[in-house]
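Student: Have a look at this one.
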Amino acid sequence: MHLANTTTTAIFNRITGFIFALLVTHFSQAQDNSPYSRYGIGDVVPNGNITTRAMGGISAAYSFDNSIKAVPISSLNIDNPASLGSLSNNSYINVLFDIGGEIDKHTLKSNNSPAKYTSNNTNISYLQFGIPIAGKKLEDKGIQWGLSFGLRPVTRINYKIEDYRRISNIDTALYTYEGNGGISQANISTGVKIKNFSFGVSTGYSFGSKDYSTKLRFLNDTIHYYSSNSAAKTRFGGVFLTIGAQYHVPTKKGNLQIGAFANLQQNLRANLDSIDETIGYDFTGGNYTIDTVSYASEISGKIIVPANYTLGFIYSQPHWLMGADFTISRWGDYKSYGKKEAATQNNWTLKIGGQYFAANEATVSNNYWKFVKYRAGFYIGPDYIKLDDKSRNQYGFSVGAGFPLTSFQRLRLGEFVTLNTGIEFNARGNTGSRSMRENIVRFNFGISMGQHWFQKRKYD
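The sequence shown begins at 961 in this note's numbering and counts up by one.
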């Protein structure tokens, strides 16, 4: 056995080593600045890889296209494990390595104030590795079997809100609300394809924390009042389970793929530390404890992360594809230590997107742009966050492209590298006078790398 090319192997090794050096710190620290992340278990990270996110997020029916027509070959589906049944030892590429990241800009604006708040963030979106595990005998019988593993964030918590209030006889009080944390998942997934039907399972460990604090500081130069701090830190973890299926329907002019997957409800074990204290501030602006009013440590409990269900389709022809997903999320079932979150509600999301690709397996051209995949899509639906008893709307649209970094000839030799890019424009919130609107622009980028492993040398 040998690897197809030592150059691509070296790239694999260098990037993998660099990424794993970053993972421990980055997945625990990378955040989005959003006050919406105060509610539930944090702000939900957009699902899917960079390829599917550029098409509005359609992923239920998306699968790795292992035919030579797929120059540049696309990414692993990190949402529906059934798609792993498309990995085959008989294809030009059988091993995939995917990493994605994003640079985003958040803009917050209250509808009753002209002031705006902006923040810029850089985050790793996912890391995934996939490989076929079915032997030649199984594949000769029409059975394909793939395996993948990786790491990805699911939610993020990061906000700092300062609220100045006028209090009678005291002057002005400053309330500071802060939060950090979120959920990440380490996963292992497998999918089997038997003729036109694929099914798969993904499991692993969800882990994370949420740290909340509320500080009250009186801003009065004549009368001294003690400030206060109320803080809670919750650490949690537990096993998750995702199941999925896909069905391939050949048609006269193209192919129809139907897919569905479900992220089942999670029951995370949790430990809570909480403190209420009076605090003072030093000349640097830092705070210190004056007196502890109450303290509790290692309070055991459970956090229920609700299920969501997605159904979708993709119809494709040699040069284009289009599809749609419909997702139902049960955020109304979210509970923390037995208490429901009043600000979360059940919601749905409709996603529609597509892709255009000018080249095919017979294309011979010096025009690089014929080998680029162009993508676009949008989504719409009510937000899972509900404030002031009003549902908030959310919508967005995206565009992107997949740029091949290896030639068609190198693909035939069993290697490829593709740069997947995308821009997402997202908006949430209402137009009422007490509401807040949040606009997000995300610049997404990902590298998909593939090789043909376990290829026997042939001699004439």
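Just so it is clear, CB atoms sit at the ideal spot from N, CA and C, and this is done for glycine as well.
Would a C-beta distance cut-off of 8 Å place I1010 and G1245 closer than the cut-off?
Tutor: Contact: no.
Student: Kindly indicate if chain C contains any beta-carbon less than 8 Å away from that of A1336.
Tutor: Of the protein chains in this structure there is only one, and it is not chain C.
Student: Taking a contact to mean a Cβ-Cβ separation below 8 Å, would you say D1233 touches S1257 in this structure?
Tutor: In contact: D1233 and S1257 (Cβ atoms closer than 8 Å).
Student: Go through the stretch 1270-1337 residue by residue and report every complete run of the beta strand (DSSP E) that reaches 3 residues or more, in order.
Tutor: Fully enclosed beta strand (DSSP E) runs of 3 or longer: 1280-1289 and 1307-1317.
Student: Measuring only the C-alpha atoms, how far is I1038 from G1090?
Tutor: Their Cα atoms are separated by approximately 10 Å.
Student: May I have the straight-line CA-CA distance separating N965 from K1193, to the nearest angstrom?
Tutor: Legend: pLDDT at N965 = 42, less than 50; position of this residue unreliable, value from coordinates given subsequently. Cα to Cα, the separation comes out at about 49 Å.
Student: Just tell me which of Y1241, I1148 and P1278 has its CA closest to the CA of K1212.
Tutor: The shortest C-alpha separation from K1212 is found at P1278.
Student: I need the DSSP call for A1042, collapsed to helix, strand or coil.
Tutor: Residue state, collapsed to three classes: helix.
Student: Can we say the stretch 1116-1135 touches the stretch 1091-1099, given the rule of at least three CB pairs closer than 8 Å?
Tutor: Verdict: no, contact absent.
Student: Looking at the structure shown, is P1266 part of a helix, part of a strand, or coil, going by DSSP?
Tutor: Residue state, collapsed to three classes: coil.
Student: Output the distance between the C-alpha atoms of Q1315 and N1049, rounded to the nearest integer angstrom.
Tutor: Between Q1315 and N1049, the C-alpha separation is close to 26 Å.
Student: Return the chain-ordered list of same chain residues with a C-beta closer than 6 Å to the C-beta of S1162, the five sequence neighbours on each side being excluded.
Tutor: Closer than 6 Å at the Cβ level, and outside the excluded window around S1162, lie P1041, N1147, S1149 and T1202.
Student: Just to check my reading of the structure: G1008 and K1153 have Cβ atoms closer than 8 Å, yes? What is that Cβ distance to the nearest angstrom?
Tutor: G1008 to K1153, Cβ: 21 Å. No contact.
Student: Please go through the same chain and pick out, in chain order, the residues whose beta-carbon is closer than 6 Å to the beta-carbon of T1252, but skip the five residues on each side of it.
Tutor: Counting only Cβ-Cβ distances below 6 Å, and skipping sequence neighbours, we find E1237.
Student: What residues in its chain sit with their C-beta under 7 Å from that of V1199, if we drop five residues either side in the sequence?
Tutor: Same-chain partners within the cutoff: T1163 and Y1165.
Student: Please name the residue or residues paired with I1203 in a DSSP beta bridge.
Tutor: According to DSSP, which records beta bridges pairwise, I1203 is partnered with V1161 and A1222.
Student: Can you tell me whether Y1022 is helix, strand or coil according to DSSP?
Tutor: Coil.
Student: State the DSSP-derived secondary structure class of T985, mapped to helix, strand or coil.
Tutor: Note on T985: pLDDT 42, under 50, position unreliable in the model; no value is reported.
Student: With DSSP as the reference, label I1010 as helix, strand or coil.
Tutor: Three-state result, I1010: helix.
Student: Considering only C-alpha positions, which residue in the set R1195, S1408 and R1352 is nearest to F1376?
Tutor: Among R1195, S1408 and R1352, the Cα nearest to that of F1376 belongs to S1408.
Student: Could you check where the alpha helix (DSSP H) with K1096 kicks off and where it finishes?
Tutor: From DSSP, the alpha helix (DSSP H) with K1096 extends over K1096 to D1100.
Student: Out of Y1294, N1326, Q1354 and F1167, point me to the one whose CA is closest to F1196's CA.
Tutor: With distances taken between Cα atoms, F1196 lies closest to F1167.
Student: Grab the span of the beta strand (DSSP E) containing R1126 for me, first residue to last.
Tutor: Where R1126 is concerned, the enclosing beta strand (DSSP E) stretches over I1103 to I1127.
Student: Mark K1350 as exposed unless 16 or more other C-beta atoms lie within 10 angstroms of its C-beta, in which case mark it buried.
Tutor: So K1350 counts as exposed.
Student: Pop quiz: I1250 and I1235 are said to be a contact at Cβ under 8 Å. What is the actual Cβ separation, rounded to whole angstroms?
Tutor: The Cβ separation is near 13 Å, so there is no contact.
Student: Check whether the Cβ of S1188 lies closer than 7 Å to any heavy atom of the ligand NAP, and answer yes or no.
Tutor: This structure lacks the ligand NAP; in fact it carries no ligand of any kind.
Student: K1300 to Y1294, Cα distance in whole Å?
Tutor: Computed Cα separation, rounded: 6 Å.
Student: Is the beta carbon of G1337 sitting closer than 8 Å to the one on M1015?
Tutor: For G1337 and M1015, yes; Cβs fall inside 8 Å.
Student: Are the beta-carbon atoms belonging to W1291 and Y1339 less than 8 Å from one another?
Tutor: It is not a contact, given that the beta carbons lie outside the stated cut-off.
Student: I'd like the list of long-range same chain contacts for Y999, defined as Cβ closer than 7 Å, with 5 residues on each side in sequence excluded.
Tutor: Closer than 7 Å at Cβ, skipping near neighbours: E1301, A1303, T1304 and I1345.
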